[in-house]
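**Q**
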Amino acid sequence: MNASNSKKEHLMDMNKKEIWINNTLNSIDSIEQVPVSDNLAFRLDHIYKSSQVVVYRIQPKVRWAIAAALTTLFLINVYTLSKTLKRENSEKAVFANEYFSYMNSI
Amino acid sequence: MSETEFIHLLRRRDEQAFQQLIVEQRSRVFNTCFNILQSIEDGEDVCQDVFIEIFQSISKFKGDSQLSTWIYRIAITKSLEFLRKKNRKKRFGFFQSLTGQGDYELNQPANFDHPGIQLENKELSRILFAAIEKLPERQKVAFLLNKTENLSYSEIAEVLEISVSSVESLLFRAKQGLQKILNTYYENNFK
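Line order of the protein sequences matches chains A and B. Using this note's numbering, the first residue of the first sequence is number 64, and each one after it goes up by one. Using this note's numbering, the first residue of the second sequence is number 1445, and each one after it goes up by one.
#1: Does the beta-carbon of PHE1634(B) have 16 or more other beta-carbons within 10 angstroms, so that it is buried, or is it exposed?
#2: For the segment 1589-1599 of chain B against the segment 1496-1506 of chain B, do three or more pairs of beta-carbon atoms, one drawn from each stretch, fall closer than 8 Å, so that the two count as touching?
#3: What is the residue span of the alpha helix (DSSP H) that ILE1484(B) lies within?
#4: Looking at LEU1626(B) and ILE1571(B), is the spacing between their C-beta atoms short of 9 Å?
#5: Look at the alpha carbon of LEU1524(B) and the alpha carbon of GLU1581(B), and state the distance between them as a whole number of angstroms.
#6: Once the 5 residues before and after ASN1479(B) are set aside, which same chain residues still bring their CB inside 7 Å of it?
#7: Using only alpha-carbon positions, find the residue among THR1628(B), PHE1616(B), ILE1484(B) and ALA1601(B) that is nearest to ALA1575(B).
#8: Can you round the beta-carbon distance between ASP1486(B) and LYS1522(B) to whole angstroms, since I take them to be within the 8 Å contact cut?
#9: Output, in sequence order along the chain, the residues in the segment 80-99 of chain A whose CB is closer than 8 Å to any CB in chain B.
#10: Pairing CB atoms from the segment 141-152 of chain A with CB atoms from the segment 1459-1478 of chain B, are three or more of them under 8 Å?
#11: Taking 9 Å as the CB-CB limit, is GLY1507(B) close to chain A?
#12: Between MET77(A) and LEU1622(B), what straight-line distance do the alpha-carbon atoms span, to the nearest angstrom?
#13: Starting from the Cα of ALA1618(B), find the closest Cα among PHE1495(B), LEU1604(B), LEU1563(B) and GLU1577(B) and give me that residue.
#14: Looking at C-beta atoms only, is the number of pairs between the segment 1600-1617 of chain B and the segment 1509-1517 of chain B that lie closer than 8 Å three or more?
#15: On the DSSP letters alone, give me the boundaries of the alpha helix (DSSP H) that GLY1507(B) sits inside.
#16: LEU1465(B): which of GLU1447(B), GLN1482(B) and CYS1477(B) sits nearest, CA to CA?
#17: Can the beta-carbon of LEU1579(B) be found less than 9 Å from the beta-carbon of PHE1526(B)?
#18: The alpha helix (DSSP H) with GLU1655(B) in it runs from where to where?
#19: For ASN152(A) and ILE129(A), what's the separation of their Cα atoms in angstroms?
#20: Measure the CB-CB distance between TYR1630(B) and LYS80(A) and report whether it falls below 9 Å.
#21: DSSP on ASP76(A), reduced to helix/strand/coil?
#22: The alpha helix (DSSP H) spanning ILE1606(B) covers which residue range?
#23: Under a CB-based cut-off of 9 Å, is LEU1617(B) close to chain A?
#24: Counting only C-beta atoms, is ASN78(A) closer than 9 Å to chain B at any point?
#25: Are VAL97(A) and ILE1484(B) close, meaning C-beta to C-beta below 9 Å?
#26: Under DSSP, the alpha helix (DSSP H) around PRO123(A) begins and ends at which residues?
#27: Tell me, please, whether the CB atom of GLY1546(B) is closer than 9 Å to any CB atom in chain A?
#28: What's the C-alpha gap between LEU1568(B) and THR87(A)?
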């Protein structure tokens, strides 16, 4: 008698728990959409204006001037470098010449 | 106006088209973000980020899906990124998940009061939202899209770029997980 009673209670408990779980799972079934606040609507309306990319157009004349200046700078660098290398080479040659002529005289 | 024409206008950065897009999509985007993040402030911030992203990357939209699907994807990605950043700070929770403890524990339901829930369901939904928080990301998103956005399985599949059977599996596992969490909560609080 006691065993059957406790079994019944256990079944009732299980039933109660399952009903509660199901009710909880279904508690958001009739959920409604939350309206957008005025604050958010205002923020969204201003995205377009704040996201506009400002394009600064450079005039063709200025573009050519920049290109010419950069090219001149590059050419000056190349010229100076080649001059320096040439001078270093001739100095070395003179030194070697003097050294070997000295050695020959000895 | 067809969707292709509308997208063309958006790509040309037409102001009217963009304002129309905002008016048509803002409620859906905000509610998606809000339901994932469970906070109005965070939902609003992420919603704004979503529209900025749409504005900046509309030229990259290939048109291989519907515009609304693409927007859903951005909203979900942004919300999950936000959540990940937020959760990185909760180191204790991370260690708990590493040790496997507390996976099905729901000691206290979150204090999240969803304004779109009917009064008689408020208490239960609070517990359910706290349980949803415990689900893995993809299960959570699939469950919320199905329950709160009323998206069909095929629509969810398109948004998440997976097959319908994968959606079925995700939702099945999500429900199973929720049942386990709720079961533990019931045992701890009502017995």
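Where is the CB? At the ideal position from N, CA and C, for every residue including glycine. Since we're looking at a predicted model, the values are computed, not measured.
**A** Let me lay it out:
#1: The sequence position of residue 1634(B) within the second sequence is 190, counting from 1. Result: exposed.
#2: no
#3: Counting from 1 along the second sequence, the entry for residue 1484(B) is found at position 40. Its alpha helix (DSSP H) spans residues 1484-1501.
#4: Taking the first residue of the second sequence as position 1, residue 1571(B) is located at position 127. Taking the first residue of the second sequence as position 1, residue 1626(B) is located at position 182. Taking 9 Å as the Cβ cut-off, ILE1571(B) and LEU1626(B) qualify as a contacting pair.
#5: Within the second sequence, numbered from 1, the residue matching residue 1524(B) stands at position 80. Within the second sequence, numbered from 1, the residue matching residue 1581(B) stands at position 137. C-alpha separation (whole angstroms): 8 Å.
#6: In the second sequence, residue 1479(B) corresponds to position 35, counting from 1. LEU1588 and THR1592.
#7: Locating residue 1575(B) in the second sequence gives position 131, counting from the first residue. For ALA1575(B), the nearest C-alpha among the options comes from THR1628(B).
#8: Within the second sequence, numbered from 1, the residue matching residue 1486(B) stands at position 42. Within the second sequence, numbered from 1, the residue matching residue 1522(B) stands at position 78. Contact flag wrong, Cβ pair sits at about 11 Å.
#9: LYS80, TRP83, ILE84, ASN86, THR87, LEU88, SER90, ILE91, ASP92, SER93, ILE94, GLU95, GLN96, VAL97, PRO98 and VAL99
#10: no
#11: Reading the second sequence from its first residue, position 63 is the one you call residue 1507(B). Chain A contact via Cβ: absent.
#12: For the purposes of this step, residue 77(A) is taken as residue 14 along the first sequence, with counting starting at 1. For the purposes of this step, residue 1622(B) is taken as residue 178 along the second sequence, with counting starting at 1. Cα to Cα, MET77(A) sits roughly 17 Å from LEU1622(B).
#13: Locating residue 1618(B) in the second sequence gives position 174, where the first residue counts as 1. Nearest C-alpha to ALA1618(B): GLU1577(B).
#14: yes
#15: Here residue 1507(B) is taken as the residue at index 63 of the second sequence, counted from 1. Premise fails: GLY1507(B) is in no alpha helix (DSSP H) and is neither H nor E.
#16: Taking the first residue of the second sequence as 1, we reach residue 1465(B) at position 21. Ranking GLU1447(B), GLN1482(B) and CYS1477(B) by Cα distance to LEU1465(B) puts GLU1447(B) first.
#17: Position 135 of the second sequence, counted from the first residue, corresponds to residue 1579(B). Position 82 of the second sequence, counted from the first residue, corresponds to residue 1526(B). Cβ atoms of LEU1579(B) and PHE1526(B): not closer than 9 Å.
#18: Nothing about residue 1655(B) can be read from this structure; chain B reaches only from 1445 to 1635.
#19: Position 89 of the first sequence holds residue 152(A). Position 66 of the first sequence holds residue 129(A). Taking the straight line from one Cα to the other gives about 35 Å.
#20: Residue 1630(B) sits at position 186 when you count from the first residue of the second sequence. Residue 80(A) sits at position 17 when you count from the first residue of the first sequence. The answer is yes: Cβ separation under 9 Å.
#21: In the first sequence, the residue the question calls residue 76(A) occupies position 13. Reduced to three states, the DSSP call for ASP76(A) is helix.
#22: On the second sequence, residue 1606(B) is found 162 positions in, with the first residue counted as 1. From DSSP, ILE1606(B) is part of no alpha helix (DSSP H); its letter is neither H nor E.
#23: Along the second sequence, one-based indexing puts residue 1617(B) at 173. With the sequence shown as reference, residue 1617(B) is identified as Arg, and Leu is not the correct amino acid for it. So no, ARG1617(B) is outside the interface.
#24: Counting from one through the first sequence, the residue named residue 78(A) turns up at place 15. No, its Cβ sits nowhere closer than 9 Å to a Cβ of chain B.
#25: As a first step, residue 97(A) is located in the first sequence; it is residue number 34 there, counting from the start. As a first step, residue 1484(B) is located in the second sequence; it is residue number 40 there, counting from the start. Yes. Within cutoff.
#26: The residue given as residue 123(A) occupies position 60 in the first sequence. Start and end: 123-168.
#27: Numbered from its first residue, the second sequence carries residue 1546(B) at position 102. Caution applies to GLY1546(B), whose pLDDT of 49 falls short of 50 and renders its modelled position unreliable; the value that the coordinates give is listed next. Answer no: the Cβ-Cβ gap between GLY1546(B) and chain A never drops below 9 Å.
#28: Indexing the second sequence from 1 puts residue 1568(B) at position 124. Indexing the first sequence from 1 puts residue 87(A) at position 24. Their Cα atoms are separated by approximately 5 Å.
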